[in-house]
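Q:
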Amino acid sequence: MLLNAKETLLKEILYQYLNQLNMICHCEKCIEDVLAISLNQVKPQYITDINKISYSKSEMVDKQKNTAMLVILTEAASKVSAFPRCENRLPINKDNN
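Here is the structure:
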């Protein structure tokens, strides 16, 4: 099995700070969009065994790395909130264009 450890780490941080990210929607599609945007910003770290993820998590003890990933998630959440692609988005009002 091949896993991107950064995906697991980003998901954990996302759910830990979800309420502080000021997202207008927390549906599965919006959360996946935030993760996709974020994952495209970080270098992948592949592992072959989920039990080896503790090594990757140990890097997150470093506050600077943890903060950098949180900043990436925050920026992605802002982009998704500005332009959500889910069914909860507000309809475009043609009178305001």
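Per the numbering used here: the sequence shown = residues 410 to 506.
Every residue gets a Cβ at the ideal spot worked out from N, C-alpha and C, and that includes glycine.
#1: Return the CA-CA distance between T483 and R494, expressed in angstroms with no decimal places.
#2: Considering only C-alpha positions, which residue in the set K488, K461 and N497 is nearest to A445?
#3: Going by other Cβ atoms of all chains shown within 10 Å of its Cβ, with 16 needed for buried, is V480 buried or exposed?
#4: Hey, L419 and S447 are a contact pair by Cβ (cut 8 Å); roughly how many whole angstroms apart?
#5: Starting from C439 and walking both ways along the alpha helix (DSSP H), at which residues does that stretch end?
A: Answer, in terms of the structure:
#1: Spanning the two alpha carbons is a distance of roughly 17 Å.
#2: Ranked by how close their Cα comes to the Cα of A445, the residues K488, K461 and N497 have K488 in first place.
#3: The residue is exposed, with fewer than 16 neighbouring Cβ atoms inside 10 Å.
#4: About 5 Å separates the two Cβ atoms, so the contact holds.
#5: DSSP places C439 inside the alpha helix (DSSP H), whose first and last residues are E437 to L448.
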